[in-house]
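The structure under discussion appears below in the form of structure tokens.
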Amino acid sequence: MVVIVGPTGSGKTSLALALAEQFSGEIVSCDSVAVYRGFEIGTAKPPLAARQRVAHHLIDVADAGESFTAGMYLRQARHALAEIAARGKLPVVVGGTGLYLRALLQGLSPAPTRVPELRERLRALAARSPNHLHRVLRRMDAAAAAAIHPNDMPKIIRAIEVCMTSRQTMTSLWKEGREPLRGFRILRIGVSPERAALYARIELRAQRMFDDGLVSETQTLLQAQAGAGELPFVFNSLGYKQAMRVLNGEAELSQAIAEAQQAHRNYAKRQMTWFRREPDVLWLTGFGDDAEVQRRAAQEVAKA
RNA sequence: GCACAGGUGGCCGAGCGGUUAAUGGCAGCAGACUGUAAAUCUGCCGCUCCUUGGAGCUACGGAGGUUCGAAUCCUCCCCUGUGCA
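Heads up: the first sequence runs through residues 238 to 541, numbered per this note's numbering.
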């Protein structure tokens with residue numbers, strides 16, 4: 238199988254498509270927002286035509302109302318990989334979401350999924366006394382507390398949640414190890430455009446999302462959620478968050494666009510940090526739609 | 001032209017005689033991250049040099065001045081915004 242990583246806007250999608258077509262492959266998306274139906278423009282999902290030419294997996298597999306998790310991704314993606322392999326096709330995993338990719342390749346420890354009500358209570362506590370939770374965690378699982386910064390509330394809450402619901406420490410659960418993906422030879426290709434060019438491309442792309450109707454897409458998605466209680470977290474995603482500000486009258490369109498551009502750039506930066514430490518990645522300089530990058534990638538796939 | 005309000009490090013913005021290379025925030029760079037991860041968090045962030053710790057240089061529109069000491073006070077000048085003409 239082939240795994241393509243890289244920051245947003247680096248052209249991963251078009252490289253994946255090119256490889257899949259050339260080598261009779263199927264694409265497994267690794268994107269924590271593209272799993273949701275209806276989130277089209279802001280996620281830059283591959284166009285329908287492309288999805289008809291080449292089979293895509295892990296896109297449109299959840300509704301906004303049901304929150305997707307890394308564990309669900311792991312199971313569903315592995316299932317998809319097995320099926321693709323059984324068909325004798327080449328799996329092409331295209332990843333933007335580092336955590337999901339790591340979960341897929343290395344597995345997750347056997348920890349429980351999240352418990353929203355518990356989190357709600359913990360968050361309320363945290364709001365009252367910010368340092369309290371970290372101290373609580375230190376008592377429950379000193380090793381985990383040492384590894385998590387006192388300001389990193391989501392991770393502290395998760396660690397406490399794991400301890401409380403599994404009746405074991407997160408540290409001991411981790412020691413049980415994870416189950417890495419087996420049965421595939423993995424070729425990792427990293428798409429790495431020059432920084433300034435990437436940022437320029439990201440800004441154009443974010444602008445275009447708004448030109449293409451991101452705000453109205455968001456409005457439609459929001460309407461589908463009307464009366465369903467708390468807004469699903471996906472709406473905090475890049476672009477959708479800013480589009481909502483326009484809908485709520487909190488920001489001018491131009492301001493929202495600028496904010497979205499900024500957020501995308503920041504995100505790309507974080508992705509690069511994440512993927513840089515991914516082992517055994519063959520990094521190709523340039524965009525995924527560059528002919529040269531595609532040629533070199535194809536060459537590697539052919540070799541493998 | 002007069003009257004106010006201002007001009008601070010890439011940007012926004014605090015400071016309003018010494019403890020100030022100058023609080024914050026943003027951007028930038030580097031990093032962490034096992035079920036919200038497009039989330040969250042950390043470090044660095046004027047320049048140069050040496051080993052931690054320091055040393056030197058440059059800096060708060062410009063030019064002068066007051067003071068042991070000024071981003072902070074005074075004078076003149078330049079620029080910006082607002083109001084009145």
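We put the beta carbon where it would ideally sit given N, CA and C, even for glycine. Remember, predicted model here, so these are calculated numbers, not experimental data.
How would you label Gly276, buried or exposed, when you count the other beta carbons within 10 angstroms and need 16 or more for buried?
It should be noted that the sequence gives Phe, not Gly, for residue 276. That one is buried.
Going residue by residue through the region 453-532, where are the continuous beta strand (DSSP E) segments of at least 3 residues, counting only ones entirely within it?
Counting whole runs of 3 or more residues, the region 453-532 contains the beta strand (DSSP E) stretches 518-522.
Any chance you could list the alpha helix (DSSP H) runs of at least 4 consecutive residues sitting entirely within the region 335-422, in chain order?
Taking only runs of at least 4 residues, the alpha helix (DSSP H) segments lying wholly in the region 335-422 are 335-343, 353-365, 369-377, 379-384, 390-403 and 407-412.
Entirely within the region 242-313 and at least 4 residues each: give me those alpha helix (DSSP H) ranges in chain order.
Taking only runs of at least 4 residues, the alpha helix (DSSP H) segments lying wholly in the region 242-313 are 249-260 and 285-290.
Which partner residues of Leu327 appear in the DSSP bridge assignment?
Gly262.
Which first and last residues belong to the alpha helix (DSSP H) in which Asp449 is found?
Looking at the DSSP string, Asp449 is not in any alpha helix (DSSP H), and its letter there is neither H nor E.
Compute the distance between the beta-carbons of Cys291 and Ala319, then report whether it is under 9 Å.
The sequence shown places Val at residue 291, not Cys. It is not a contact, given that the beta carbons lie outside the stated cut-off.
Express the C-alpha separation of Arg507 and His501 in angstroms, rounding to a whole number.
Going by the C-alpha atoms only, they are around 10 Å apart.
Would the beta-carbon of Ala314 fall within 9 Å of that of His294?
Closer than 9 Å, so yes.
Alpha carbons only, please: which of Ala322, Glu398, Arg376 and His371 is nearest the one belonging to Ile385?
Checked all of Ala322, Glu398, Arg376 and His371; the closest Cα to Ile385 is His371.
Which residue's Cα is closest to the Cα of Pro349: Ala323, Val329, Ala539 and Ala396?
The residue with the shortest Cα to Cα distance from Pro349 is Ala396.
Less than 8 Å between the CB atoms is what I'm expecting for Val240 and Ser474, so what's the real figure, rounded?
Rounded, the Cβ-Cβ distance is 23 Å, inconsistent with contact.
If I measure Cβ to Cβ from Ala541 and keep anything under 7 Å in the same chain, skipping five residues before and after, which residues do I get?
For Ala541, where only same-chain residues beyond five positions count, the Cβ hits under 7 Å are Arg422 and Leu424.
Since Gly427 is in the beta strand (DSSP E), which residue starts that stretch and which ends it?
Its beta strand (DSSP E) spans residues Leu424 to Ser429.
Is it true that the region 504-521 meets the region 483-490, where meeting means three or more beta-carbon pairs spaced less than 8 Å apart?
With the cut-off at 8 Å, the region 504-521 and the region 483-490 do not touch.
Quick check: the Cα distance between Leu254 and Ile264, rounded to an integer number of angstroms?
Straight-line Cα distance between these residues: approximately 8 Å.
Quick test of the definition: if touching needs 3 or more C-beta pairs under 8 Å, does the region 328-347 touch the region 406-417?
Yes, since at least three Cβ pairs between the region 328-347 and the region 406-417 fall closer than 8 Å, the two stretches touch.
Got a sec? Which residues, its chain only, sit under 6 Å from Arg442 by beta carbon, not counting five neighbours each side?
The residues are Gly246.
Taking only the alpha-carbon atoms, compute the straight-line gap between Gln456 and Gly486 and give it to the nearest angstrom.
Their backbone Cα atoms lie some 13 Å apart in a straight line.
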